[in-house]
Amino acid sequence: MVSIPEYYEGKNVLLTGATGFLGKVLLEKLLRSCPKVNSVYVLVRQKAGQTPQERVEEVLSGKLFDRLRDENPDFREKIVAINSELTQPKLALSEEDEEVIIDSTNIIFHCAATVRFNENLRDAVQLNVIATRQLILLAQQMKNLEVFMHVSTAYAYCNRKHIDEVVYPPPVDPKKLIDSLEWMDDGLVNDITPKLIGDRPNTYIYTKALAEYVVQQEGAKLNVAIVRPSIVGASWKEPFPGWIDNFNGPSGLFIAAGKGILRTMRASNNALADLVPVDVVVNTSLAAAWYSGVNRPRNIMVYNCTTGSTNPFHWGEVEYHVISTFKRNPLEQAFRRPNVNLTSNHLLYHYWIAVSHKAPAFLYDIYLRMTGRSPRLRNIRYGFNTILVILIWRIFIARSQMARNIWYFVVTHARQEIFIAESQAEHKGRRRREREREREEEEEAGGERRTKKGRVLLEARNWVLTEQRVKDDENHLPGRGLKCRKGCEVLQREAAAFSGDGVEGQRILPVITVHYLNLRDHLRGGPICQKLATFVWDSEISVHSVTSDSGEYLC
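Residues in the sequence shown are numbered from 1 upward in steps of one, following the UniProt record's numbering.
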């Protein structure tokens with residue numbers, strides 16, 4: 001059997017969504033790992049006064065392509081930007097471009113979609129369903145097409161307890177829905193949307209389910225494969241660990257938690273956090289297209305690109321690793337020290353919303369008004385509350401669907417290391433540490449810098465919040481009733497002069513307290529030692545042993 005790079009050698013690839021998060025990574029990986037690919041036709045529309053060529057050039061100039069630029073400086077010659085509008089008949093292609101695509105294309109990767117959870121139903125249908133149908137109609141005319149690869153979502157059938165690698169019947173006939181939306185006004189569409197989507201939480205998931213059915217029915221004569229990723233996050237390994245360029249999905253929540261804005265989430269600690277790195281999704285897509293192209297299976301191939309059934313990771317673990325990361329590497333402009341409380345109890349959730357979100361936001365906005373500035377935190381808090389309560393909690397956090405991965409392993413058995421997609425082989429702790437790089441990229445995208453100053457500011461805030469003074473000769477760690485058997489060494493450090501939340505020239509004693517620890521889980525044995533070790537910064541604290549108030553030896 002030919003290898004993956006050998007299969008793509010001399011092929012002409014058509015790619016949609018190349019300016020999006022997933023499409024960018026797929027484009028970079030394809031050109032870097034399959035350098036003998038002939039051409040990549042990128043369908044891009046004009047936007048904000050930029051031509052398709054200018055938009056593609058902006059993407060190629062980003063940090064994501066640094067490695068590719070070093071290894072293959074002439075990679076731009078293989079990319080052909082084509083002006084196209086996916087929702088229009090024949091994709092609004094010129095006759096010349098249409099002829100080239102029909103005559104030359106061998107493989108299609110359809111990554112374009114709207115990922116806004118609260119998208120208007122009409123717009124979501126146009127971008128996720130009609131655009132897919134238009135691309136299928138074009139694919140049917142292609143003379144040398146080998147594979148049509150469609151990127152969907154593992155949550156398209158979130159109303160099912162178990163999701164197998166098959167296309168399920170849609171909630172409504174897509175053709176009838178498209179015809180109905182043509183004569184409905186916006187008010188009527190908004191009124192019927194809740195009834196149409198039923199037990200699906202938003203229009204994104206609803207229309208992605210419809211799109212899968214369109215691919216199955218309209219593309220019955222094509223060699224079709226569908227990849228269903230779960231929650232796509234920062235890269236695991238390629239092109240380098242932790243790359244991300246947006247605050248969509250979990251990234252925005254992580255940054256909000258790191259800034260101290262997000263302090264509570266309605267989630268179960270034991271619910272699956274089905275996070276999958278973007279490079280794993282890309283490698284699965286490239287390998288799936290290779291498998292379908294080489295083996296020509298009779299039936300449509302569906303791949304659940306998830307981690308829940310192979311490497312389960314839970315929201316309680318996510319909360320611990322995210323918060324510990326930001327406490328080791330605090331943001332410079334944090335609103336409060338990072339701390340997130342997870343609860344699945346409805347009453348407790350609204351209590352913490354009032355105490356940790358609404359009240360601080362209200363008081364801070366009053367302060368902004370008094371100082372002549374525009375209030376903003378209340379709107380930010382409302383936005384996160386909308387996302388968490390209405391859009392995300394019902395599926396991504398509260399529920400624990402099990403998407404079965406069957407063909408996922410078939411695809412991976414013959415790959416080289418450069419197309420690794422087996423996220424079940426990842427060690428959780430190592431994966432979390434590598435994803436600290438994600439924080440750096442997110443901070444860069446938002447204008448934040450993770451610096452030593454940020455750490456000093458966090459220590460200063462903790463000094464004020466805890467109102468505890470640690471002397472050189474004290475023989476205990478304050479807070480939560482934990483004591484050191486042999487004592488703790490707390491070293492004073494002179495803080496550099498800084499402005500902002502601190503006082504210039506103030507002498508700061510780093511106060512690292514047991515208050516940081518999540519003592520609700522696993523007090524005995526190794527975990528408590530590991531959590532204490534998490535907060536050893538530059539050898540400022542040395543913990544010899546820990547006992548409870550009753551004298552029980554913990555570690």
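Virtual Cβ for every residue (Gly too), placed ideally from N, Cα, C.
| Item | Value |
| --- | --- |
| For K47, the residue or residues it bridges with in DSSP | Q50 |
| Beta-carbon proximity check, S230 vs L188, cutoff 9 angstroms | no |
| Closest by C-alpha distance to V172, when choosing among L181, D164, V166, E165 | L181 |
| Same chain only: Cβ atoms within 6 angstroms of N270, ignoring 5 sequence neighbours per side | H314 |
| Cβ shell of V115 (< 7 angstroms), same chain only, five flanking positions each side left out | Y204, N248 |
| The segment 154-170 / the segment 241-261 touching (three or more Cβ pairs under 8 angstroms) | no |
| Segment limits, alpha helix (DSSP H) that includes P35 | Here P35 belongs to no alpha helix (DSSP H), and DSSP marks it neither H nor E. |
| 7 angstroms CB neighbourhood of L127 in its chain, flanking five on each side removed | T87, A113, T114 |
| Inter-residue spacing [alpha-carbon to alpha-carbon] between R328 and V318 | 15 angstroms |
| Close-in-space but distant-in-sequence residues of the same chain around A124 (CB under 7 angstroms, 5 per side omitted) | T114, T203, Y204, T207 |
| Beta-carbon spacing of K29, L286 below 9 angstroms | yes |
| Inter-residue CB distance, V355 and F254 (contact presumed, cutoff 8 angstroms) | So it is not a contact: roughly 22 angstroms between Cβ atoms. |
| Identity of the residues DSSP links to A139 by a beta bridge | Paired residue(s): none; A139 is not in a bridge. |
| Alpha carbon of V13 to alpha carbon of C111, nearest angstrom | 13 angstroms |
| Residues near G10 by beta carbon distance below 6 angstroms, same chain, minus five either side | N38 |
| C-alpha gap between Y291 and M149, whole angstroms | 11 angstroms |
| Inter-residue spacing [alpha-carbon to alpha-carbon] between G62 and K24 | 10 angstroms |
| Y303 - partner residues in DSSP beta bridges | V227 |
| Whole runs of the beta strand (DSSP E) within the segment 244-276, excluding any shorter than 3 residues | 264-266 |
| For F117, the three-state DSSP class (helix, strand or coil) | coil |
| L31 vs F109 beta-carbon contact at 9 angstroms | no |
| 9 angstroms Cβ cutoff met for P338 and G252 | no |
| Same chain, Cβ closer than 6 angstroms to N83, five either side skipped, listed in chain order | P52 |
| Sub-9 angstroms separation of A289 and I107 beta-carbons | yes |
| Residue closest to A211, alpha-carbon to alpha-carbon, out of Q140, I178, R336 | I178 |
| In chain order, each alpha helix (DSSP H) run of at least 4 residues that lies wholly inside the segment 76-135 | 95-104, 121-125 |
| Three-state class that DSSP yields for M1 in the structure shown | coil |
| Alpha-carbon to alpha-carbon, T307 and P330 | 29 angstroms |
| F362 - containing alpha helix (DSSP H), residue span | 359-370 |
| Cβ-Cβ distance between V22 and L43 below 9 angstroms | Here residue 22 turns out to be Leu, not Val, going by the sequence shown. No. |
| Top-ranked residue by Cα proximity to R298, from Q216, I197, D66, G20 | Q216 |
| From N223, Y213, T193, E119, residue whose alpha carbon lies closest to that of L145 | N223 |
| Proximity to D103 [Cα-Cα], best of P89, L138, R369, I130 | L138 |
| Where F65 sits in the DSSP three-state scheme | helix |
| Which of helix, strand or coil DSSP assigns to S39 | strand |
| Where L60 falls, given that 16 or more other Cβ within 10 Å makes a residue buried | buried |
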